[in-house]
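In what follows, a single structure is set out as structure tokens and then discussed.
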Amino acid sequence: MSSQLATSNLSLRQLRAFLAVAQESSMTRAAAKLHLTPSALSMLVRAMEDDLGARLFERTTRRLVLTEAGQQFLPTVERVFEELEQGLSRLHAAQHMKDSLLRLVATPLLASALFPQLIASFRLQHPQVRVELLDGPVDSLPALVRQGHVDMAVCTANDDSVDLLATPLYADTLMLACHTSHPLAEQREVAWQDLLSEPLILLRHGSGLRTLVDQAFARWSRRIQPAYEVSQVATALGLVVAGEGVSVLPSYAISRAQALSPSSSIATLALVSPTVSRQIVALTKSGADISPAAQAFMEHFKKHAGKA
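Note that the numbering used here has the sequence shown beginning at 4, numbered continuously upward.
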């Protein structure tokens, strides 16, 4: 009998019978697991062995054990059911996402720097999902989730939303942005302490980013005296390009500015001693079912945020 003919004669029912007996090492326990009689299960296994032209099990005094042929065949059968399960899960998720609406809200910086590319690539994979994107102040985002106006809020982790479920998506590192002609631009990394004598361009007090910056500087100075305090990252980057100072910003914000304007004369350097990161999270209602579309977007975010 040819291997092609043997394979074509096999059924999922036979493969499932083989897998159950291999897992249970008992015809009786495997039959109970599959809701069959032991004799019916035994017939399935014997028919499979006939089709393959090989014995798959040997009976000892207490249990059934795999033959050498059975041991070689088992990983293939396990992969068949694993891939089948994954395929069915994807099909099930796709059916549930059909014509669904995903409502997102993010801070203006995240919405402008990360979300356009992430949504575009997500929509290529899930064209049946309609996406709505809002942007708003970070302190307004938890309320939108609580009130059901959005399915998910994406923002930096904070203590104001302990009643919501926070799913980590992405860890972003704070970086130094300076003009390419600045002396620091020749270095690969810069220590925070080395910035104390530099004209700093920082976001105003009240932002989560400014809090992290102040905490990083706290060991050397109780209060920083920046050259400029601004409300928008775009303003900070504009001042950096004009040579008015250096700024500490999220890496994704600097990368996005460089991508939009490759000739912008912004150099990006790692900040060390200490390295400071902040966690980007997805806020959803605690105890509520997360829609397949929202779950798929979170997984997409985790996978692609660093490439956006």
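Glycine included, C-beta positions come from ideal geometry on N, C-alpha and C.
Remember, predicted model here, so these are calculated numbers, not experimental data.
C-alpha distance - residue i paired with residue j, whole-angstrom precision
i    : j    : result
T31  : A50  : 18 Å
A299 : R126 : 11 Å
F220 : I227 : 8 Å
K36  : M301 : 36 Å
R191 : Q128 : 37 Å
R58  : T70  : 7 Å
Q261 : G211 : 23 Å
V120 : G241 : Inspection of the sequence shows that residue 120 is occupied by Gln rather than by Val. Going by the C-alpha atoms only, they are around 22 Å apart.
Which listed residue (the options) has its alpha carbon closest to that of residue i
i    : options                : result
I283 : F220, S254, Y173       : Y173
A116 : S276, A33, V236, L69   : V236
L167 : A273, S184, A291       : A291
S289 : V165, E201, L205, A260 : V165
G139 : A114, E85, L206        : A114
V132 : S294, V68, R19, K306   : S294
Q53  : S14, A23, A33, E81     : Looking at the sequence itself, residue 53 is Asp, so the reference to Gln does not match. Ranking S14, A23, A33, E81 by Cα distance to D53 puts S14 first.
C-beta contact flag for residue i and residue j at 9 Å
i    : j    : result
P171 : A160 : yes
L44  : A72  : no
L112 : M178 : no
L105 : A296 : yes
V244 : S268 : yes
V153 : V216 : no
A180 : A273 : no
V249 : L206 : no
L203 : W223 : no
A183 : A308 : Note that residue 183 corresponds to Thr in the displayed sequence, not to Ala. Their beta carbons are not under 9 Å apart, which means T183 does not touch A308 by this criterion.
Three-state secondary structure assigned by DSSP to residue i
i    : result
D154 : coil
A221 : coil
A9   : Legend: pLDDT at A9 = 48, less than 50; position of this residue unreliable, value from coordinates given subsequently. Correct three-state label for A9: helix.
P171 : strand
Q228 : coil
R281 : strand
query: With contact counted as at least three CB pairs below 8 Å, one residue from each stretch, are the region 188-199 and the region 273-280 in contact?
result: yes
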